[in-house]
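Presented below is the structure to which this report refers.
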Amino acid sequence: MAGSHHIKDFAKKLVTLSLDADGQASAERVSAVLDALGQNPPRDYKKLLKQYSKYLEVEVSQGQAKVEFAGPLGAEQLTAIEKKFTEQYNRKIVASTVENPALIAGVRITVGDDVYDASVATRLALLEQNVA
């Protein structure tokens with residue numbers, strides 16, 4: 001584990017081992033990976049764990065949709081959002097909701113690093129930039 005390139009490659013392989021048949025990070029598999037590393041710690045163990053944790057966090061966030069909303073959001077709408085993004089990303093997406101009155105109206109959805117914003121607050125901000 002001399003170079004950071006080797007650490008990154010190994011950490012990515014460990015993340016792959018942490019995924020179940022559906023491509024989702026599994027607590028059991030993560031635990032098994034950590035147990036195996038603990039029994040036979042490689043050189044630069046702490047750096048490897050830090051990199052593994054970082055990559056695993058990214059992997060998990062790509063399977064979650066944070067749905068911010070200003071008004072009422074029904075269960076049917078949330079299910080439709082999960083279905084739409086599951087199809088779009090070709091992986092299971094689980095949505096969680098956060099009420100955000102600052103949006104004024106509309107919705108902002110974050111999946112990993114991708115942000116889909118259909119809020120009135122953002123549209124007003126864009127309008128203000130274009131007028132100024």
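The letter at position 9 of the sequence shown is residue 9 when you use the UniProt record's numbering, and the numbering goes up by one with no holes.
Cβ coordinates follow ideal geometry from the N, Cα and C atoms, glycine included.
Keep in mind that this is a model prediction, so the values were computed, not measured.
What did DSSP end up calling residue i once you bin it into helix, strand or coil?
i: glutamine 64; result: strand
i: methionine 1; result: Reliability of the predicted coordinates at methionine 1 is poor, the pLDDT of 44 falling under 50, and the value obtained from them is presented with this limitation in mind. Coil at methionine 1, not helix or strand.
i: aspartate 117; result: strand
Does the beta-carbon of residue i have 16 or more other beta-carbons within 10 angstroms, so that it is buried, or is it exposed?
i: alanine 108; result: In the sequence as displayed, the identity of residue 108 is arginine instead of alanine. Under this definition arginine 108 is a buried residue.
i: tyrosine 45; result: exposed
i: glutamine 51; result: buried
i: leucine 127; result: exposed
Suppose the cutoff is 6 Å on Cβ atoms and the five residues either side in sequence are ignored; what does the same chain contact list for residue i look like?
i: valine 120; result: Ile104, Ala105, Gly106
For the beta strand (DSSP E) holding residue i, just list the boundary residues, first then last.
i: isoleucine 109; result: 106-111
For residue i, which residues in the same chain have their Cβ closer than 8 Å to its Cβ, ignoring the five residues on either side in sequence?
i: residue 138; result: Examination of residue 138 is not possible in this model, given that the chain is present from 1 through 132 alone.
So the alpha helix (DSSP H) residue i belongs to, where does it begin and stop?
i: alanine 32; result: 27-39
Check: Counting Cβ pairs, one atom from each stretch, are 3 or more of them under 8 Å apart for the stretch 29-36 and the stretch 61-68?
Finding: no
Notebook entry, point to check: Counting pairs of Cβ atoms below 8 Å between the stretch 36-56 and the stretch 9-19, do you hit three or more?
Noted result: yes
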